[in-house]
Amino acid sequence: MTKKIRVRFAPSPTGGLHLGGVRTVLFNYLFAKQNGGDFIVRIEDTDQTRFVEGAEAYIFDTLKWCGMVPDESPLHGGPFAPYRQSERKANYRQYAEQLVIDGYAYYAFDTPADLEAMRTAYKTPENPSPQYNHALRDKMRNSLTLTADETANLLASDTPYVIRIKMPLNETVSFNDMIRGEVNFNTSQVDDKVLLKADGMPTYHLAVVVDDYQMKITHAFRGEEWLPSAPVHLLLWDYLGWKNEMPEWAHLPLILKPDGNGKLSKRDGDRLGFPVFASDWTDPKTHETTTGFKEHGFLPEAFVNLLAMLGWNDGTDQEIFSMDELIAQFSMERVHKGGAKFDYEKAKWYNHEWIKRKHPKELELSIQKYFAEAGITVTDDALLAKAIELVKDRCTLLPDFVTQAAFFFQLPEQIDIAAVQPKWDDKKNMFFNELIRAYELSAVWESSDLETEFKEMAAAHQLKPGELMLPFRIMLVGGKFGPGVFEIAATIGRNETVARIKKVVVLLHL
Ligand code: GLU
């Protein structure tokens, strides 16, 4: 019987979710759904010093916004609960102690001062930050250097200790990464990582292995920054006797800065003026807010789509994918090894494409919010739907609807008289005065009729419609933008159209 596919996203709740983090969720989610598997969210909060209030709720809100609902999580429950590592604390010690018994780990009693002294004593120009490893463990205060009695006494007298892995000397450990192929490590390069801390909490290294095993995880997909930790995890799977149960791994490429090299950071976003987090995040301590894609006016469909394309494609030219299409098409083998450069202009292009594809009804709710924030009251749903339909091809981000469509709901805030004034003359004045009368009386109020009437009247006045369109647009909209003027007139209605023409004609007369 083939095993049920089970993947996990295992964030540490330390702050807002970087787009790289959401892409990790996405690739996990797509893989699980494609294979009829389970998508689990496990909160890795063993490092209590890094715990940040609100970060977990933020993660779940983000997943909900993106449409990626976990099958199991602290919020959704599940057969392997609890899904918060801090609540599984009692579960880990036995494994750390077993490793000590089997000779793969040891107790270390060094105080912070001892560690500091070691770093100073062994610091050389070639090795500026000495690590607790095969070369130095013999010089430290641990169960390898102390006698069994001394160790037993220290343990009995409640002396603080940690349990460290004993990294073997000069062995090669390797695994097959779904993206990178065979990856090898020399164990001498890796320090003796702490597995169990003095407070009894496991470190990430121990907890991730124990939990992936106990939660029957079949595939572990995570960011490339975790690749250096992989040898420790490989050895733990082996030492704990679970090697045959080890998940398949894929380490996802970094998302790179648009300019230069290196990982895209929150600071790059601030520097270049674009979001890096999924949604707004306010640090509870500093109260500093980092803006998110959501609040910048991205649609979740576009956000998901653009994330999928950061490091993946389906081998064709297709760029627009719905979640269902991604689930059908995604394959981890097609994820690139190299980092993906983030391009904000391209990100906006995805949003524009998604806005164009949306039915106005689907956009109404989110757009209402932006109008409300701009202090514009929208009470007529039909008018809103029509306005959205008319301007959506011109909008890249959701707030663009406010600039593009505010004039449907209120008088234009500014009127670009200067665009009309220089070419305004008596003939045009007469034309518009007659247009006012004609429009006041026209039997039907439809854009095609309004246009015919306008053009026939222009011909009668021996004016080219082209010369009259700009003034008409400025009258209705206030500036040189917007959809077709007759569509606008038809949408805002007779009274509003006539009133706006009158107002500007008077202004031009002054
Ligand atoms: N807790 C790690 C993080 O914060 C998870 C790494 C992993 O998936 O193994 O990203």
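Take 395 as the starting number for the sequence shown in the working numbering and just add one per residue. C-beta atoms are modelled at their ideal positions from N, C-alpha and C, and glycine is treated no differently. Computed from a predicted structure; not experimentally measured.
Rounded Cβ spacing between residue i and residue j (contact assumed at less than 8 angstroms)
{"i": "Glu840", "j": "Ala884", "result": "6 angstroms"}
{"i": "His348", "j": "Glu618", "result": "With the chain represented from 395 up to 904, any question about residue 348 goes unanswered, as that position is not in the structure."}
{"i": "Arg513", "j": "Pro524", "result": "6 angstroms"}
{"i": "Arg487", "j": "Arg436", "result": "In fact, because the Cβ distance is near 19 angstroms, the residues do not count as touching under 8 angstroms."}
{"i": "Ile649", "j": "Ala734", "result": "6 angstroms"}
{"i": "Tyr501", "j": "Asn536", "result": "6 angstroms"}
{"i": "Gly709", "j": "Pro793", "result": "Gly709 to Pro793, Cβ: 35 angstroms. No contact."}
{"i": "Pro640", "j": "Phe425", "result": "Residue identity check: residue 640 is Met in the sequence provided, not Pro. With 8 angstroms as the limit, Met640 and Phe425 do not qualify as a contact, their Cβ atoms being about 17 angstroms apart."}
{"i": "Tyr738", "j": "Phe668", "result": "4 angstroms"}
{"i": "Gln608", "j": "Phe474", "result": "7 angstroms"}
{"i": "Met717", "j": "Val698", "result": "6 angstroms"}
{"i": "Pro865", "j": "Lys822", "result": "6 angstroms"}
{"i": "Lys398", "j": "Gly448", "result": "Lys398 to Gly448, Cβ: 33 angstroms. No contact."}
{"i": "Thr456", "j": "Val416", "result": "6 angstroms"}
Under 7 angstroms between C-beta atoms of residue i and residue j
{"i": "Lys610", "j": "Arg400", "result": "yes"}
{"i": "Pro652", "j": "Gly705", "result": "no"}
{"i": "Val446", "j": "Gly409", "result": "yes"}
{"i": "Pro754", "j": "Trp459", "result": "no"}
{"i": "Ala490", "j": "Leu589", "result": "yes"}
{"i": "His627", "j": "Val603", "result": "yes"}
{"i": "Thr581", "j": "Pro562", "result": "yes"}
{"i": "Phe615", "j": "Phe421", "result": "yes"}
{"i": "Ile895", "j": "Ile830", "result": "yes"}
{"i": "Asp674", "j": "Glu689", "result": "yes"}
{"i": "Phe433", "j": "Pro464", "result": "yes"}
{"i": "Asp439", "j": "Arg478", "result": "yes"}
{"i": "Phe687", "j": "Ala702", "result": "no"}
{"i": "Ile782", "j": "Leu757", "result": "yes"}
{"i": "Pro806", "j": "Val879", "result": "no"}
{"i": "Thr684", "j": "Lys657", "result": "no"}
{"i": "Leu700", "j": "Tyr744", "result": "yes"}
{"i": "Asn527", "j": "Asp606", "result": "no"}
{"i": "Phe353", "j": "Thr553", "result": "Here the chain has residues from 395 to 904 only, and residue 353 is not among them."}
{"i": "Phe573", "j": "Lys427", "result": "For clarity, residue 573 is Ile in the given sequence; the question names Phe instead. Cβ distance not < 7 angstroms, so Ile573 and Lys427 don't count as in contact."}
{"i": "Ile761", "j": "Cys789", "result": "no"}
{"i": "Leu857", "j": "Phe826", "result": "no"}
{"i": "Val772", "j": "Phe724", "result": "no"}
{"i": "Met851", "j": "Val898", "result": "no"}
{"i": "Trp818", "j": "Leu901", "result": "no"}
{"i": "His613", "j": "Glu642", "result": "yes"}
{"i": "His412", "j": "Val785", "result": "no"}
{"i": "Ala832", "j": "Glu845", "result": "no"}
{"i": "Thr462", "j": "Val419", "result": "Before going further, note that residue 462 is Met rather than Thr in the sequence given. Result yes, Cβ atoms of Met462 and Val419 sit closer than 7 angstroms."}
{"i": "Val567", "j": "Pro476", "result": "no"}
{"i": "Ile714", "j": "Glu747", "result": "yes"}
Heavy atom of the ligand GLU within 6 angstroms of residue i beta-carbon
{"i": "Arg400", "result": "no"}
{"i": "Trp620", "result": "yes"}
{"i": "Ser406", "result": "yes"}
{"i": "Arg616", "result": "yes"}
{"i": "Glu481", "result": "no"}
{"i": "Glu438", "result": "yes"}
{"i": "Ser602", "result": "Strictly speaking, residue 602 in this sequence is Val, with Ser absent from that position. Checking every heavy atom of the ligand GLU against the Cβ of Val602, one is found closer than 6 angstroms."}
Cβ of residue i within 7 angstroms of any chain C Cβ
{"i": "Val446", "result": "As a matter of chain content, chain C is missing from the structure shown, which is built from one protein chain."}
Between the stretch 793-803 and the stretch 864-881, are three or more C-beta pairs nearer than 8 angstroms? Contact holds: three or more Cβ-Cβ distances are below 8 angstroms.
Does the contact criterion of 3 or more C-beta pairs under 8 angstroms hold for the stretch 480-487 versus the stretch 589-596? Segment contact: the stretch 480-487 against the stretch 589-596, three or more CB-CB distances shorter than 8 angstroms; contact assigned.
Between the stretch 628-635 and the stretch 552-568, can you find at least three pairs of beta-carbon atoms closer than 8 angstroms? Yes, the stretch 552-568 touches the stretch 628-635.
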